[in-house]
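Reviewing the structure listed below.
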Ligand SMILES: [Mn+2]
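In my numbering, the protein residues as written are 1 to 203.
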């Protein structure tokens, strides 16, 4: 972020009968992550999201894991999305669009992002197994649906190919991280303008 401009960070606290979650993000961080959701595989994925977006993330989630991981994963996605949206403010001076094809061993996954203020998820990813360890693979989509909806971003994720389900999930998080990093990056040529002919990216 240019010197003298406001910090692009935000904290969201979210409490329901199912989960209690606190998320702090700093869009202009170094990818520092302090993550504790009680779901090991999800922590590993969120660690990737922070590391490769260079967004600092502090995430503390206590959910009803005695039922299953669903509420915890979805609500963490909601809180991260809300925190990113709040940190973006009026979305001035951002690059807005970015995409990447991200390779990991035998797997290739694309993520394309428009930080548009218009929530939309296109999800073209299939897993060959319902579980990665104890983690339900269908929750990967649930997370990104919650993230896109609450961050106010258009997000397309497409797995071109891949054999290993851990790799397929991990490339989704890494690809979204890298695309998000580029899309929220200040574009010096925008000079603080909102990158839209409409004049607003608030949806
Ligand atoms: Mn891994």
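Don't be surprised by glycine CBs; every beta carbon is placed ideally from N, CA and C.
Which residues DSSP lists as bridging residue i, in chain order
| i | result |
| --- | --- |
| residue 13 | 22 |
| residue 59 | 23, 35 |
| residue 157 | 111, 123 |
Closest Cα partner of residue i within the set the options
| i | options | result |
| --- | --- | --- |
| residue 127 | 118, 104, 162, 33 | 162 |
| residue 174 | 202, 54, 133 | 54 |
| residue 115 | 130, 20, 181, 123 | 181 |
| residue 160 | 169, 110, 56 | 110 |
| residue 39 | 101, 122, 74, 192 | 74 |
| residue 149 | 178, 133, 122, 166 | 122 |
| residue 120 | 172, 50, 100, 154 | 154 |
| residue 63 | 192, 22, 52, 51 | 22 |
| residue 61 | 85, 31, 135, 24 | 24 |
| residue 50 | 195, 170, 187 | 170 |
Under 7 Å, CB to nearest heavy atom of ligand 1: contacting residues: Working through the chain, the matches are 44, 166, 170.
Residue ranges of each beta strand (DSSP E) within the region 77-141, 3 or longer: Listed in chain order, the beta strand (DSSP E) elements of length 3 or more contained wholly in the region 77-141 are 97-104, 107-114, 120-124.
Sequence ranges, alpha helix (DSSP H) only - wholly within the region 29-55, length at least 4: Taking 4 residues as the shortest admissible run, the region 29-55 contains the following complete alpha helix (DSSP H) segments, listed from N- to C-terminal end: 40-53.
Segments of 4+ residues assigned as alpha helix (DSSP H) that fall wholly inside the region 164-188: Qualifying alpha helix (DSSP H) stretches, in chain order: 165-184.
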